[in-house]
Amino acid sequence: MTVEDDATKFQRDKAAFEQNCLQLRALIQEFHKTPLLSASLTGGLLAVMSVFKDHDEHFEHFVVVMCALIALFNAMIGLSCIRIRDVMQCYIEKASVFSEDFGEKGGRPAKPIFKELGNFSIAIGYAIMMGVVALTAIVLPLVAYGCTRFNAIPLVTTAAGLLTWYGWARWRHRVDNVDAVVAYYDRKGHDYIKETEPLDMREEVERFARHLPTSARVLDVGAGAGRDSKTLLDKGFKVVALEPSKVFAEHLRSIMGLAVSEMKAQDVEEVETFDGIWACASLLHFDEKKLPKVMQRLCRALRPNGIFYMSFKNGDGVRLPAKDGILFHDMTSDRLSKLATDNGLKVIEMWSNASKLQGTNEAQWNNIVARKPS
Ligand SMILES: C[S@@+](CC[C@H](N)C(=O)[O-])C[C@H]1O[C@@H](n2cnc3c(N)ncnc32)[C@H](O)[C@@H]1O
611 MTVEDDATKF QRDKAAFEQN CLQLRALIQE FHKTPLLSAS LTGGLLAVMS VFKDHDEHFE
671 HFVVVMCALI ALFNAMIGLS CIRIRDVMQC YIEKASVFSE DFGEKGGRPA KPIFKELGNF
731 SIAIGYAIMM GVVALTAIVL PLVAYGCTRF NAIPLVTTAA GLLTWYGWAR WRHRVDNVDA
791 VVAYYDRKGH DYIKETEPLD MREEVERFAR HLPTSARVLD VGAGAGRDSK TLLDKGFKVV
851 ALEPSKVFAE HLRSIMGLAV SEMKAQDVEE VETFDGIWAC ASLLHFDEKK LPKVMQRLCR
911 ALRPNGIFYM SFKNGDGVRL PAKDGILFHD MTSDRLSKLA TDNGLKVIEM WSNASKLQGT
971 NEAQWNNIVA RKPS
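Using the working numbering, read the sequence shown as starting at 611 and increasing by one per residue.
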């Protein structure tokens with residue numbers, strides 16, 4: 611590594627470290643507002659309860675309903691504290707990539723006053739506090755009015771609320787992770803490898819590669835059969851193939867020297883890490899709403915002066931009806947150029963060519979090579 615490379619790497623690591631520290635600090639500030647939120651909600655509901663104390667003949671029922679709300683809200687805020695603790699831990703782990711010391715101590719001083727208070731004890735403390743309030747609100751009506759079905763409402767509401775929340779979170783997790791496009795490629799993967807591996811894309815790769823420094827780090831987004839990853843490896847680049855389909859990822863792992871990351875483009879976390887991003891026919895699975903966010907992530911992962919290649923089938927917007935139930939987003943060369951410039955990239959060259967897939971050569975593809983400014 612040259613002296614200049616060392617200096618650039620240091621600046622990049624420093625920026626990423628500072629960014630993680632800032633985000634962690636902002637999150638901690640927000641986190642300490644949770645007891646206030648719990649106190650205001652509980653206090654507010656108690657105040658509402660007291661207003662009806664001398665007037666309402668159904669006061670007893672009213673208390674039970676209010677207790678149900680107090681229990682539910684506090685149980686949820688308590689769980690949120692545990693979730694926020696995990697996010698804080700995640701920032702610390704990310705920052706520790708740049709400073710081991712930071713990771714080991716989890717942001718603690720060398721000589722804490724109470725060593726026994728481990729990292730994040732305050733988060734667990736808040737969660738316990740809110741758990742106790744929730745439990746009290748469940749037990750109170752049972753103690754005060756006896757064990758009737760009606761007085762079990764706080765318990766039932768809290769259990770139902772937490773179960774709904776958990777169910778919703780699990781459902782979101784499944785929806786986010788089982789993506790129709792990925793499922794499609796998992797189904798068709800083996801045939802797709804046979805069809806696309808022999809295609810000759812060397813000219814396109816060369817038009818991208820000639821702008822890269824020697825031994826550049828390249829991210830192949832949606833690498834598929836790994837055809838272009840192989841050409842890039844042969845040129846002496848360090849290539850990471852990003853591929854969310856299991857079938858493709860397994861195939862890619864058999865390519866010598868290729869690093870494989872089984873994930874989606876929208877989850878890329880790297881900051882200024884790659885000298886080149888190669889996205890051949892892969893960003894076409896994002897619609898107008900999702901594409902800008904993915905582009906933002908990928909451009910963030912590109913180093914200053916880095917080179918971005920993309921290709922889309924010629925057309926105007928999302929193709930309907932969707933083929934095999936999956937989305938295809940087509941782009942005219944004007945739209946493609948706008949996509950690059952909207953993301954701060956400077957167009958180096960654009961060209962069109964016929965599809966190289968057998969039986970589809972009437973289809974036109976638009977290609978672009980663009981540079982991220984320094
Ligand atoms: C039309 S294929 C192109 C494959 C390869 N680049 C080629 O030129 O042969 C689209 C690729 O994008 C991948 N893909 C789909 N959704 C993705 C996502 N969210 N992030 C990254 N890649 C994705 C697919 O698994 C597939 O490998």
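The beta-carbon is built from N, C-alpha and C at its ideal position, and this holds for glycine as well.
For clarity, every value in this text was computed on a predicted model and none was experimentally measured.
Given residue i as reference, the closest of the options once Cα atoms are compared
i	options	result
Phe683	Ala625, Cys700, Gln633, Leu745	Leu745
Tyr755	Val674, Glu628, Met920	Val674
Trp775	Val815, Arg827, Ala685	Ala685
Asn915	His895, His939, Ile738, Phe884	Phe884
Gly846	Thr824, Met866, Val857	Thr824
Asp796	His668, Phe858, Leu912	Phe858
Ile917	Ala891, Asp926, Ile978	Ile978
Ala950	Gly799, Phe896, Met920	Met920
Lys956	Asn976, Cys909, Phe922, Trp975	Cys909
Ser706	Arg812, Asp877, Leu634	Leu634
Val600	Glu670, Leu829, Lys624	Residue 600 is absent from the model: the chain starts at 611 and stops at 984.
Lys856	Ala737, Glu670, Lys798	Lys798
Met866	Thr841, Val881, Lys721	Thr841
Phe822	Gly886, Ala779, Arg780, Glu879	Looking at the sequence provided, one finds Leu at residue 822 rather than Phe. Cα-wise, what sits closest to Leu822 is Gly886.
Tyr699	Asn630, Ile748, Glu670, Ala657	For clarity, residue 699 is Gln in the given sequence; the question names Tyr instead. Comparing Cα-Cα distances from Gln699 to each of Asn630, Ile748, Glu670, Ala657, the minimum goes to Asn630.
Same chain only: Cβ atoms within 8 Å of residue i, ignoring 5 sequence neighbours per side
i	result
Gln968	Glu805
Asp789	Pro854, Lys874
Leu809	Arg837, Lys966, Leu967
DSSP-derived helix/strand/coil call for residue i
i	result
Val613	With a pLDDT of 47 at Val613, under the threshold of 50, the predicted position of this residue should be treated as unreliable, and no value is reported.
Glu959	strand
Phe724	coil
Pro823	coil
Ser706	helix
Trp775	helix
Met676	helix
Phe662	coil
Val881	coil
Ala865	The sequence given here places Ile at residue 865; Ala does not occur at that position. Coil, per DSSP.
Asp940	strand
Ser965	coil
Ser1025	Examination of residue 1025 is not possible in this model, given that the chain is present from 611 through 984 alone.
Gly954	coil
Leu852	strand
Leu752	helix
Phe858	helix
Residues near residue i in its chain [Cβ-Cβ closer than 6 Å; skip 5 each side]
i	result
Met740	Ser648, Asn684, Ile687, Gly688
Val613	Note that Val613 has pLDDT 47, beneath the 50 cutoff, so the model's placement of it is unreliable and the number below is only indicative. Closer than 6 Å at the Cβ level, and outside the excluded window around Val613, lies no residue.
Thr768	Ala681, Leu682, Ala685
Ala678	Ile763, Pro764, Thr767
Ile694	Phe641
Gln876	Val904
Val791	His895, Ile936
Spatial neighbours of residue i in its chain, beta-carbon cut-off 7 Å, leaving aside the 5 residues before and after
i	result
Leu868	Gly836, Ser839, Leu843, Val849, Ala851, Leu862
Met659	Phe672, Val673, Met676
Asn761	Val674, Pro751, Leu752, Tyr755
Ala980	Phe918, Ala950, Leu955, Lys956, Val957, Ile958
Rounded Cβ spacing between residue i and residue j (contact assumed at less than 8 Å)
i	j	result
Gly927	Asp940	7 Å
Would the region 857–867 and the region 829–838 be scored as touching if the rule is three or more Cβ pairs under 8 Å?
Because the criterion of three Cβ pairs below 8 Å is met, the region 857–867 and the region 829–838 touch.
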